[in-house]
Structure formats: C-alpha cells, structure tokens
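Student: The structure follows.
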Amino acid sequence: MMNIESGPPDPRTPAVRAEALTVVRGSRTVLHGLDFTVPRGRITGLLGPSGCGKSTLMRAIVGTQAKVSGTLEILGRPAGHAALRSRVGYVTQAPSVYDDLTVRQNLEYFAAVLDPGRAAAERRREHVSRALADVDLTRHADALAGNLSGGQRSRVSLAVALLGAPELLVLDEPTVGLDPVLRRDLWALFHDIAAARGATLLVSSHVMDEAERCHHLLLMREGRILADDTPDALRARTGADTVEAAFLHLVDEAAAAGRAKETAR
Amino acid sequence: MSTTTAPAAPPAPRALSAARTTATAARVLRQLRHDPRTIALMLLVPCLMLVLLRYVFDGSPRTFDTIGAALLGIFPLITMFLVTSIATLRERTSGTLERLLAMPLGKVDLIAGYALAFGALAVVQSALATGLALWLLDLDVTGSPWLLLLVALLDALLGTALGLFVSAFAASEFQAVQFMPAVIFPQLLLCGLFTPRADMHPVLEAISDVLPMSYAVDAMDEVLRHTEVTGTFVRDVLIVAGCALLVLGLGAATLRRRTA
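Protein sequence lines, in the order shown, are assigned to chains A and B. Going by UniProt numbering, the first sequence opens with residue 1, and the numbers climb by one from there. Going by UniProt numbering, the second sequence opens with residue 1, and the numbers climb by one from there.
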C-alpha cells in the first residue's frame, strides 16, 4: 500500500486510478473489476449506453457510492477521503439545486459551505459571479431555480460544481436536453476549464458524437470498459470513421469473442 | 490492501462549524421566505385553534386552561415535525443532500442548521400563541409565561428531531405525511391531554411513561399550577431536551455519505 498521507500529491499521478474496481448494488454487480486511469488536465469522456454503469462509476469516484471494492484513487487519495470534498466538483444527472431559492442564493449557500466565514465573503462573491458568468446565467441570477427551464436548471447545478475551482470535475450527462448552441458553448467552457484552469474533467454522455470533443475516452458497456484511448487512436485501431462506428465495432468484436469461447467449449 | 476506497485512517470527527451551521440555517429560512403561505399557516393555525378551543370550552374555563396550556406545547411539536420531515425528505430526493455530503459539510452542521432555523420559527410561533392565549383568551397560568415558551421551544426541537429521523424511512411525501399520525397521534392520545395518565390502563400508562410528549404536557401542567420552578418541571424539561438530542443523534446516523 502506498503512503497516501505524506507530502503533496505528485502532479503526474493520474486524476483517477482504478484497479479491479467492483461495485455491487443489491444482488447485482454493476461494475466488474474495472482498470483504467483518467489523465490530469484533460477532458475524458465516459461513453456508453444508458444503464451501463456510468453514473455508478461517477458516484464511486466522488465517494457517494456504497459497496465499492478494489482500488480507486482520486488525486492520489482514496475515493471519498474527507480532504477530497473541496477538490472534487460533482454534477448529478438530475439538477441538484434548491428550487425554492434564486440562482444566486443557491450559489451563495454552496459557496458558504465550501469556503465559510465572514473573512471569505469577498472571495465568495467573486466565485459566485464567475460561476454565473461561466454558465451564462448572470441575467437569470435573481430568478427562482424552480421557475427556470430544464436546461437552465442543469446549468445552475453545473455552476455549483464550478465554485471553488475544483481540480477534478465529474459531470454526469451535463449536456442532455440542451439545444445545439448551448451544447457547443458548454463544451467550449469545458475546454477552457481544462486549458486555462488546469482542471481535469470526466464527462459522461450516451451521445457518441460528443466523444469527438474529448481528449480521452472510456467506452463502457454492461459494467465493463471496452476501450480506454484517445478518439484518434480508437478510430485508427478499429478502422472506423467515427467513435460511434468504433464503439459498434468493439461491441461486435466482444460478442464474436464471446461466441467463439462458447463454441470452443 | 483489498480496498483503498475507505480512508486509511478516518479523519477525526470535525467539531461543529459555526459558519456552516448559520449559513445552513439562513438558507433554510430563505427557502421558507419564498413560501409565505407556509409561514402564514405555521404561525396562524395554532392561534386559530386556540381561539376555537377557548369558545368550545366557553362554559368551563378551567378545562380550557389545562388543554390550552398542553396545546401550547403540542402545536410546535406537530408543526416542526411536519415541516422538517418534508424539508429533509425533499433534500434527500432532490439530490441536494448527496451534493452537500460530498462537500466539506459536517452532518452536525446540517442538522444544527435545520434545528436553528426551525427553532427560530418555533419561537415566533410559540410567542404568538402564548401571547394570544394569556392576554386575549384569558388562559389562567400561575407560573411564568417564559417557562411556557421554554417548553414550547424544546417541543419544537423534539418535533424537528423526530421529523428528521422519520424522513429517512419515507420514500415519498405521501409516506412522510402518514408518519405524522403514526408517530404523533399515539403520543397525543397517551400524553394526558384527554384524561390523566394515572387513570389509564396500567399498560398504557407504562407506555406513556416512555413517550416524550407526556413529559412535555407534564411540564406545561407544572407551569400552569405552580408559581415557582418545581423539581418535576426541571425533570420534565431535561427529559424532553434529552429525547430531542437522542433523536437528533439517531437522525444524524440516517444521513449517509455513501448510499447504494
């Protein structure tokens, strides 16, 4: 076991490192012994069909998932470690904000949890205005979150995760249900966060065309990682034009391998 | 090592953070401010019930004294129970609880924040009800009205604690509301409001001996009949406060950072 408590973490350690990561929910094994790493300062896309275990994997990474076994290290510390709570930002699929507060009041409260005390008030104000500007909600700052559209509410939820400049952002389907313009703007923001602020992003999606916007990809299916590579390498390896075609190729390949094993028996 | 997902050495439990607690309390009150109808209902319904009761017992003012004083303690308990169980259930189902627990917020901060916010509201509610009962409805109390207020506040805390605890067992707001009759009504029937506890079947009397609301009503009764602070009053107040703290602790145990 490595000594995780001594000294500042090596910046070259991956943002996420998993070995034989298994998650059981009820009587069902949702994740089957995953091995992968998420590189720092890049955007890693977590892609796969609905129900393949993306959200469970993300909850394990942020430390809210029970019954996790194997190794899972986040920024050099075990997932769920108290020291990670201010360094990891997490956006759930359904927006988790208070509908009976305004956008600004939501942000102010979560900012006060991250950075409490009267002495930090000025810094909090800056963080809140920056997060509002980041998700383009400054004009709606004083609207009740419950009165916003679905896309706007999910951006409020994203803004909360941006408070306090986390080193790792875990975003569960952040662009679902957004119009193409907003989707493009959000991806531009993700790239800006990775490039200018040096943060690591792990973004899940079941829309394969979003894969092309990521630096690195984890393709998942039925609780297993099919591929852990860059989009270019993935297309080159499978001889496919798009990531979607590459994904289908890998699924067919795995199915064929399964059948071959079956007939050999 | 088979798993590194749990911290190698769990960090020492952090003491209550005053700034995070007050931020939470302020947030809960802000949420309520956007819902003026709920505030109006919380503050006015107890007053209305007292007026109603006063004229129901128009011919027997002594009965109004006993029941009225007991109700001054029971109203805050019921209101805070309902409000807290719904509020924390919402917090659990909307994902904000999961988000908060993934942030550097202690469970104690969250619970204390709720208790502070609803406690403040309970003070306003009890002050209105007590003032109305004493000065407009001629409720005849021998002891100090401040003691009535103290018991009412502790009852509100107990209600908050019970609401927080049962919200863990409710999967929907329908269920949460149904917990009210399940948790509160038996206590209401056995607390001595309708008939002295000593006159009940011995089994029921024994049960009423372990229910906190019995002591809340006892304490109100002591204030009603004695000018000074009696030993029984002190005992009752300590029992109600102790129960509130115990249930708050149980409630804290239902807030899990990791869930399936």
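For each residue, glycine too, the CB sits at the ideal point set by N, CA and C. Keep in mind it's a predicted model, so treat the numbers as computed, not measured.
Assuming Asp192 (chain A) and Leu144 (chain A) are in contact, meaning their beta carbons sit under 8 angstroms apart, how far apart are those beta carbons, in whole angstroms?
Tutor: Actually they do not touch by this definition, with Cβ atoms about 29 angstroms apart.
Student: Less than 8 angstroms between CB atoms is the rule here; does Arg125 (chain A) satisfy it with respect to chain B?
Tutor: no
Student: Can you give the Cα-Cα distance for Arg256 (chain B) and Thr66 (chain B), rounded to whole angstroms?
Tutor: 42 angstroms
Student: What three-state label does DSSP hand Met180 (chain B) in the structure shown?
Tutor: Assigned with DSSP and collapsed to three states, Met180 (chain B) falls in helix.
Student: Could you tell me which uninterrupted alpha helix (DSSP H) segments, each at least 4 residues in length, are contained entirely in the region 135 to 195 of chain A, listed from first to last along the chain?
Tutor: 150 to 162
Student: Quick one: give me the first and last residue of the alpha helix (DSSP H) that Asp109 (chain B) is part of.
Tutor: Lys107 to Gly131 is the span of the alpha helix (DSSP H), which, as asked, contains Asp109 (chain B).
Student: Ignoring anything shorter than 3 residues, give me the beta strand (DSSP E) runs that lie fully in the region 39 to 126 of chain A, in order along the chain.
Tutor: The DSSP assignment places complete beta strand (DSSP E) segments of no fewer than 3 residues inside the region 39 to 126 of chain A at 43 to 47, 68 to 74 and 88 to 91, in order along the chain.
Student: Helix, strand or coil for Met220 (chain A)? Go by DSSP, reduced to three states.
Tutor: strand
Student: Asp100 (chain A) CB to nearest chain B CB: under 8 angstroms?
Tutor: yes
Student: Output, in chain order, the set of chain A residues within a Cβ distance shorter than 7 angstroms of Ala156 (chain B).
Tutor: Going along chain A, no residue has its Cβ under 7 angstroms from Ala156 (chain B), so there is no contact; the nearest lies around 21 angstroms.
Student: Can the beta-carbon of Val30 (chain A) be found closer than 8 angstroms to that of Gly53 (chain A)?
Tutor: Taking 8 angstroms as the Cβ cut-off, Val30 (chain A) and Gly53 (chain A) qualify as a contacting pair.
Student: With 8 angstroms set as the bound, which would you pick, yes or no: does the beta-carbon of Ser96 (chain A) sit closer than that to a beta-carbon of chain B?
Tutor: yes
Student: Cα separation between Glu228 (chain B) and Ala198 (chain B)?
Tutor: 24 angstroms
Student: Less than 8 angstroms between the beta carbons of Ile74 (chain A) and Leu168 (chain A), yes or no?
Tutor: Leu168 (chain A) is positioned such that its CB atom lies closer than 8 angstroms to that of Ile74 (chain A).
Student: Can Ala18 (chain A) be considered in contact with the ligand SAH, in the sense that its beta carbon sits closer than 7 angstroms to one or more heavy atoms?
Tutor: Absence of the ligand SAH from the depicted structure is noted, as is the absence of any ligand whatsoever, leaving it without description.
Student: With respect to the beta strand (DSSP E) encompassing Ser208 (chain B), which residues constitute its N-terminal and C-terminal limits?
Tutor: Note, Ser208 (chain B): premise wrong, no beta strand (DSSP E); alpha helix (DSSP H) at Pro202 to Asp209.
Student: In terms of DSSP beta bridges, what is Ala18 (chain A) paired with?
Tutor: A:Phe36 and A:Leu72
Student: Under 8 angstroms, Cβ to Cβ, is there at least one residue of chain A near Thr96 (chain B)?
Tutor: Interface residue, yes.
Student: Just the chain A side, please: which residues come within less than 8 angstroms of Asp35 (chain B) by C-beta, in chain order?
Tutor: Asp100
Student: Which runs of the beta strand (DSSP E) fall wholly inside the region 196 to 252 of chain A and span at least 3 residues, in chain order?
Tutor: Listed in chain order, they are 200 to 205, 216 to 221 and 224 to 229.
Student: Determine which residues of the region 46 to 78 of chain A have a Cβ less than 7 angstroms from any Cβ of chain B, and write them out in chain order.
Tutor: Per Cβ criterion, the list reads Val62, Gly63, Thr64, Gln65, Ala66, Lys67, Val68, Ser69, Gly70, Thr71, Leu72, Glu73 and Pro78.
Student: Would you say Met103 (chain B) reaches chain A, if we count a Cβ-Cβ gap shorter than 8 angstroms as a contact?
Tutor: With a threshold of 8 angstroms between beta carbons, Met103 (chain B) makes contact with chain A.
Student: Quick one: grab the DSSP three-state call for Arg54 (chain B).
Tutor: helix
Student: Please report whether the beta-carbon of Leu144 (chain A) lies at a distance below 8 angstroms from any beta-carbon of chain B.
Tutor: yes
Student: Which of the residues in the region 107 to 134 of chain A, read from start to end, lie with their CB under 8 angstroms from any CB of chain B?
Tutor: Tyr109, Phe110, Ala112, Val113, Leu114, Pro116, Gly117 and Arg118
Student: Please state the DSSP three-state secondary structure of Arg28 (chain A).
Tutor: strand
Student: I'd like the list of long-range same chain contacts for Ala18 (chain B), defined as Cβ closer than 6 angstroms, with 5 residues on each side in sequence excluded.
Tutor: none
Student: Helix or strand or just coil, what does DSSP make of Val229 (chain B)?
Tutor: coil
Student: Check the Cβ-Cβ distances between Leu250 (chain B) and every residue of chain A, and say whether any is below 8 angstroms.
Tutor: Among the CB atoms of chain A, none fall inside 8 angstroms of the CB of Leu250 (chain B).
Student: Am I right that Glu210 (chain A) and Thr175 (chain A) are in contact with their C-beta atoms under 8 angstroms? What's the rounded C-beta distance?
Tutor: Contact between Glu210 (chain A) and Thr175 (chain A) holds: their C-beta atoms lie close to 7 angstroms from each other, under 8 angstroms.
Student: Which residue wins for smallest C-alpha separation from Gly198 (chain A), given the options A:Pro166, A:Asp241, A:Cys214 and A:Leu171?
Tutor: Considering only alpha carbons, the answer is A:Pro166.
Student: Determine whether the Cβ of Arg42 (chain A) lies closer than 8 angstroms to any Cβ atom of chain B.
Tutor: no
Student: Please list, in chain order, all residues of the same chain as Phe179 (chain B) whose beta carbon is under 7 angstroms from its beta carbon, the five residues on each side excluded.
Tutor: Ser85, Val166 and Ala170
Student: Any residues in the region 153 to 183 of chain B with a beta carbon nearer than 8 angstroms to a beta carbon of chain A? Which ones, in chain order?
Tutor: none
Student: Looking at the unbroken alpha helix (DSSP H) that takes in Val83 (chain B), where does it start and where does it end?
Tutor: Counting along the chain, Val83 (chain B) sits inside the alpha helix (DSSP H) bounded by residues Pro61 to Thr93.
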